[in-house]
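Right, one structure below, let's go through it.
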Ligand SMILES: NC(=O)c1ccc[n+]([C@@H]2O[C@H](COP(=O)([O-])OP(=O)(O)OC[C@H]3O[C@@H](n4cnc5c(N)ncnc54)[C@H](O)[C@@H]3O)[C@@H](O)[C@H]2O)c1
């Protein structure tokens, strides 16, 4: 089985690549080749199969990014929320036209590949208190969410036409993001756990009772890999799924942090930021997914396990990347 990860140099792209390299199978089939594509050629993980690393622009995809015999494409390349809101042209170009370019590239392949697309909670609105069922309408409250919702639609239509076999996963906010803070509006949800665990102060732009729909990198990776291998037939025309994340308050996240490292939450300073609060405040605080669990998407682990997983998987690498001893 040949696999491509577009956005393979990013946070989740690298997690998926590492899991594939370690397990060398997907859905019981042996992985025989992996192509990682990003703006710059991503680093290749050590793997028991050939890994090719390609650099370029997803809007102008080089043929080498999706070789002719590719079975599964993970389309993760994107401009993230705050940046897409700040730069309308860039967000629309990468998030809309980039996904369109992926469809065109896949149409040229010998057989329609599975395309796993990372959509987002940000394609919905409703704000604090909204608890949405699987069939809730996507009414985005920012450009990033609108671009994700539009991309879901064109991927579903390309599936109906038989060009591709798409599964779109509407990811919650993934916490804890390792490394440095990024330009996602949701970045502080990771910051309030990651930075104190590094011994650093950080800012919290929303109140402690603010509720958010999150998932761990481990669970996001499980879900995306499951989406790469699952039987697509039960999806019918509706190729989009909301996986079973966790609805938690910021206060609950800080309590879990203190359970793992007593007193760590004292490093979190409350600093109101109206721009960030407005973007994340538009997202629903919870979902009631029924379809994805019935299709084998794993349930979420507890908040304390999520914090411990960051310590086990990413804290040392984050420390090293940021030159902290
Ligand atoms: N991390 C989250 O909380 C979260 C939540 C919901 C959805 N998502 C979606 O999941 C996907 C992966 O998220 P992530 O956190 O790994 O993001 P990331 O920013 O770490 O990775 C995205 C990658 O896309 C690449 N990219 C951007 N523009 C490109 C272009 N023009 N050509 C080629 N590559 C380009 C970037 O270089 C980056 O490596 C994204 O599509 C994101 O929108 C993420």
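Residue numbers (the working numbering): 347 to 671. Here a beta-carbon is modelled for each residue, glycine too, at the ideal position from N, C-alpha and C.
Query, Result
"Three-state class that DSSP yields for residue 513 in the structure shown", "strand"
"Residue 375 (DSSP reduced to helix, strand or coil)", "strand"
"Distance, residue 461 Cα to residue 511 Cα", "6 Å"
"Any non-hydrogen atom of ligand 1 closer than 7 Å to residue 467 Cβ", "yes"
"Residue 434, buried or exposed, once every other Cβ within 10 Å from all chains shown has been counted against 16", "exposed"
"Extent of the continuous beta strand (DSSP E) run through residue 641", "Unbroken run through residue 641: none, as it is neither H nor E."
"Euclidean distance between Cα positions of residue 498 and residue 609", "43 Å"
"Alpha-carbon spacing of residue 600 relative to residue 458, whole angstroms", "45 Å"
"N- and C-terminal bounds of the alpha helix (DSSP H) containing residue 569", "563-575"
"Residue from 502, 637, 631 and 520 with nearest C-alpha to residue 655", "520"
"Contact test: residue 438 Cβ vs ligand 1 heavy atom, cutoff 7 Å", "no"
"Nonlocal neighbours in the same chain, by C-beta distance under 6 Å from residue 549, ignoring five residues either side", "615 and 617"
"Identity of the residues DSSP links to residue 412 by a beta bridge", "Looking at the DSSP assignment, residue 412 forms no beta bridge with any residue, so it has no partner."
"Residue 363: CB within 7 Å of a non-hydrogen atom of ligand 1", "no"
"Buried/exposed call for residue 669, threshold 16 Cβ in 10 Å", "exposed"
"Entirely enclosed beta strand (DSSP E) segments - the segment 378-459, minimum 3 residues", "379-384, 397-401 and 418-421"
"Boundaries of the alpha helix (DSSP H) in which residue 585 is found, first to last residue", "Looking at the DSSP string, residue 585 is not in any alpha helix (DSSP H), and its letter there is neither H nor E."
"Rounded straight-line distance, which links the Cα of residue 409 to that of residue 564", "31 Å"
"Residues of its chain near residue 363, where Cβ-Cβ distance is below 7 Å and the 5 sequence neighbours each way are ignored", "351, 354, 380, 382 and 391"
"Residue 633 - containing beta strand (DSSP E), residue span", "632-634"
"Beta strand (DSSP E) segment containing residue 479, residue limits", "477-479"
"C-beta contact flag for residue 444 and residue 405 at 8 Å", "yes"
"Contact under 8 Å by Cβ, residue 456 with residue 417", "no"
"Three-state secondary structure assigned by DSSP to residue 361", "helix"
"C-alpha distance - residue 492 paired with residue 485, whole-angstrom precision", "8 Å"
"Continuous alpha helix (DSSP H) stretch holding residue 348: start and end", "It is not in any alpha helix (DSSP H) - residue 348 instead sits in the beta strand (DSSP E) that spans 348-352."
"Heavy atom of ligand 1 within 7 Å of residue 512 beta-carbon", "no"
"For residue 593, the three-state DSSP class (helix, strand or coil)", "strand"
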